[in-house]
Amino acid sequence: MSIPTELQYTSEHEWVRIDGDLAVVGITQYAADALGDIVYVDLPKAGKAITAGAVVGEAESTKSVGELFAPVSGEIVEANQAVVDSPELVNSDPYGTGWLFSVRVSSLGDLISADAYAALIAE
């Protein structure tokens with residue numbers, strides 16, 4: 276299973292790529308695999324203020340619905356329209372074209388390293 280080391284993670288299975296004050300957020304391959312075939316995503320709209328740890332959307336699959344949690348606090352810059360139009364991108368490329376939204380970060384939440392995330396999902 277792929278766990279890119281350049282990313283940071285949450286215990287709720289989101290990943291974060293931070294570049295300055297901008298963060299790109301998605302769900303991990305582990306979460307995408309656990310959900311199964313994702314058929315719908317509900318993402319926060321641009322301009323919305325989010326708080327780390329709060330529910331900001333959901334990913335619905337043929338098996339279940341998973342909540343999306345904000346890994347950081349800040350303001351939504353962009354929701355990935357490609358994923359809204361083709362939710363299966365989350366399954367096929369969770370760390371690339373399957374990203375979910377970007378945030379102008381005001382503060383970080385409880386983020387963990389790739390190694391810590393790998394240990395978490397190995398439990």
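Counting from 276, one number per residue, gives the positions in the sequence shown under my numbering.
For every residue, glycine included, the Cβ atom is placed at its ideal position computed from N, Cα and C.
May I have the straight-line CA-CA distance separating residue i from residue j, to the nearest angstrom?
i: residue 391; j: residue 361; result: 31 Å
i: residue 482; j: residue 393; result: The structure shown does not extend to residue 482, since the chain spans only 276 to 398, so no value can be given for it.
i: residue 280; j: residue 396; result: 15 Å
i: residue 365; j: residue 276; result: 15 Å
i: residue 352; j: residue 376; result: 8 Å
i: residue 348; j: residue 299; result: 12 Å
i: residue 329; j: residue 343; result: 8 Å
When we look at the beta-carbon of residue i and count the other beta-carbons within 10 Å, is it buried (16 or more) or exposed?
i: residue 327; result: buried
i: residue 307; result: buried
i: residue 315; result: exposed
i: residue 311; result: exposed
i: residue 382; result: exposed
i: residue 324; result: exposed
DSSP three-state call for residue i: helix, strand or coil?
i: residue 367; result: helix
i: residue 375; result: coil
i: residue 390; result: helix
i: residue 357; result: helix
i: residue 343; result: strand
i: residue 308; result: helix
i: residue 297; result: strand
i: residue 395; result: helix
i: residue 329; result: coil
i: residue 336; result: strand
i: residue 383; result: strand
Report back the beta-carbon spacing between residue i and residue j to the nearest angstrom; my notes put them in contact at under 8 Å.
i: residue 389; j: residue 278; result: 5 Å
i: residue 354; j: residue 318; result: 4 Å
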